[in-house]
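2 protein chains.
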Amino acid sequence: MTNSNTSATGKLVYQLEEMILEGVWRPNHKLPSERRLAQRFGYSRTVIREALRQLQAKGLIITHQGIGSYVVEVFHSIEEEFIDPLVHLFDSHERTLFDLLDVREQLESHAAFLAAQRATQTDLYQLTQAYERLASPDTELTMDTYFNFHHMVILCSHNPILVQTLCQLKALLCKAIQTCLPLLIQDAEVQNQVRSQQQQMYEAIVQRDPVAARRATKTHIRFVSHHVHSVKKSNFY
Amino acid sequence: MTNSNTSATGKLVYQLEEMILEGVWRPNHKLPSERRLAQRFGYSRTVIREALRQLQAKGLIITHQGIGSYVVEVFHSIEEEFIDPLVHLFDSHERTLFDLLDVREQLESHAAFLAAQRATQTDLYQLTQAYERLASPDTELTMDTYFNFHHMVILCSHNPILVQTLCQLKALLCKAIQTCLPLLIQDAEVQNQVRSQQQQMYEAIVQRDPVAARRATKTHIRFVSHHVHSVKKSNFY
DNA sequence: TTTAAAACACTGGTATGACCAGTAATTTAA
DNA sequence: TTAAATTACTGGTCATACCAGTGTTTTAAA
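Here the protein sequences line up with chains A and B, keeping their order. With full-length UniProt numbering, the residue at position 12 of the first sequence is 12, and numbering never jumps. With full-length UniProt numbering, the residue at position 108 of the second sequence is 108, and numbering never jumps.
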């Protein structure tokens, strides 16, 4: 895209990706050493290294000093390079995730505050529906029902800017925690806690208690943040 | 992640990402040349290059031969979807502007809160500069100096998500009030009030008083909101 | 004076060779 | 036989030189 066709490194990256995707180098296959690759492809070791670093950054290979480089399990095509730059950052910069959850706490608690003030009868009806889909203890807690309820709360705030902004943050959050989320919602204790917290949010809103709604929301997001934290910490792969 | 802590390149990548996240290098900012970076960070050009290649592979920077490397708009893809549908709302639906200012109040007051906690010495120096350009009573109050100061406050929060989000809101706000803003800042009384409010924000931050900083910011934005309101009311076109 | 060409000073891209730092197999000495 | 030392790989880093684009400045011609 940028200079894949012009620069030697770009061309080499493309070649190497081809070889991996074509199956010349299968997953777990050990690549030749950098010096051998340089010889074989007719490039300097500099070019070979930069190309390998790019493959590494893309997650196609993994490299160990003194050992060599290995092809990883690749289950997605090259097209996947269009994912958000921010996603990478969430992996290496853990605090970015907390920054995100911090902003979410500010906005969504305010949304709950407004929701308790402004929600119409129709809103409350829909909110109740969303809540009941969530609250029944026999059904599984899914990301869908979870976000559905929260989105409904946000809609009740009747602030389109708030809605837009929080939708963006939600998209980011989904990408950021998609790996560790399954671990989270499997935990039965977490499920119970979340259900209890959302019950408090729900009741505060229908009872028109803005302060309580805000407090309940803050409590919930801090709970999530805390648990995401602990999951991330015990998650070395 | 893999060897971020062991290798020089890994550490450098992390550092550079931090600088981008912290806002030291903002979107569209041109990075120093590779040779300068090598000198500045004390690494060989090889390491610098490999780190930059990784950032490039992640989509954080874009590089042109003979030109240099630039920080990309991290949120760019989303931003278009974000702004476009909303702009036209401001014309027809006046309260959207207040919704926007409401969200801004939530986020920017929180940013000021964090700024009072987290601002570094360098931050405070830059903040002081921005404030002094703003505070001198003989110079005109311009949109530039105004937003410059507020942006600096936001940067002091050291929360990249907050920075990005508020940048978007600022862009929206500019489009929304570009017609009525001249009427606002012409008013000498308004100017004095704003200066006084920003002085309180500034002093609260340098005195490391988060609560006062938050309160001052809320006060200021509510003041703006109120005056925008009155201007809009006497402004039918 | 104006203007187009040439020189210059940057930028990133590539090549080489040397050396450091891990790893693992091989050799050596106990 | 076994444990330690050697050796030969691996990737990681450094320094230097040069190539290749880009933009500005200078220069020389019109």
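All residues carry an ideal CB built from backbone N, CA and C; glycine is no exception. Since the model is a prediction, treat every value here as computed from it, not as a measurement.
According to DSSP, residue pairing for A:Y146 in a beta bridge does not occur. Interface flag for B:T217 against chain A is unset, since no Cβ pair is found closer than 9 Å. Beta-bridge pairing by DSSP links A:Y70 to A:K30, A:I62. Taking the Cα positions, A:L141 is about 12 Å away from A:L183.
Within 7 Å of the CB of B:T145, no CB atom of chain A is found; the nearest one sits about 25 Å away. Between the stretch 214–222 of chain B and the stretch 105–120 of chain B there are three or more C-beta pairs closer than 8 Å, enough to call the two in contact. Listed along chain B, the residues sitting closer than 7 Å to A:H110 by beta-carbon distance are Q106.
The beta carbon of B:S7 sits closer than 9 Å to some beta carbon of chain A. Using a Cβ-Cβ cut-off of 9 Å, A:V194 does not count as an interface residue toward chain B, since no Cβ of chain B sits closer than that to its own. Secondary structure note for B:R208: it is in no alpha helix (DSSP H), with a DSSP letter that is neither H nor E. Between the C-alpha atoms of B:T122 and B:T145 there is a straight-line separation of about 19 Å.
Assignment of B:D99 by DSSP, reduced to helix, strand and coil, places it in the helix class. In its chain, beyond the 5 residues on either side, V13 have a beta carbon closer than 6 Å to the beta carbon of B:Q54. In this structure A:L107 touches A:L166 by the C-beta definition: roughly 6 Å separates them, less than 8 Å.
When DSSP states are grouped into helix, strand and coil, A:L141 belongs to the coil group. One alpha carbon belongs to B:E50, the other to A:V228, and they sit about 32 Å apart. For A:A171, the uninterrupted alpha helix (DSSP H) run begins and ends at 160–177, by DSSP. Annotation: B:K218 to A:L52 spans about 51 Å, alpha carbon to alpha carbon. In this structure, DSSP gives A:C156 a helical state, which the three-state scheme calls helix. At a cut-off of 9 Å between beta carbons, A:K58 contacts chain B. Check the Cα spacing between B:L97 and each of B:A171, B:H64, B:G66: the tightest is with B:A171. According to the DSSP assignment, A:D123 belongs to the alpha helix (DSSP H) that extends over 121–135. Spanning the alpha carbons of B:Q65 and A:M19 requires a straight line of approximately 27 Å.
At least 9 Å separates the CB of A:Q129 from every CB of chain B.
Residues of the same chain with a CB within less than 6 Å of the CB of A:H158, apart from the 5 flanking positions on each side, are R118 in chain order. A:R49 has a beta carbon lying within less than 9 Å of a beta carbon in chain B.
With fewer than 16 other beta carbons inside 10 angstroms of its own, B:R40 counts as exposed. Separation of the CB atoms of A:Q197 and A:H220 is rounded to 4 Å, and the pair is thereby assigned contact status at 8 Å. The beta carbon of A:H150 does not come within 9 Å of any beta carbon belonging to chain B, so the residue lies off that interface. A straight line joining the alpha-carbon of B:I48 with that of B:Q56 spans about 12 Å.
When secondary structure is reduced to three states using DSSP, B:H226 falls in the helix class. The beta-carbon of A:R222 is placed no less than 9 Å from the nearest beta-carbon of chain B. Between B:A130 and the set B:Q168, B:V163, B:Y202, B:D99, the nearest pair of CA atoms involves B:Y202.
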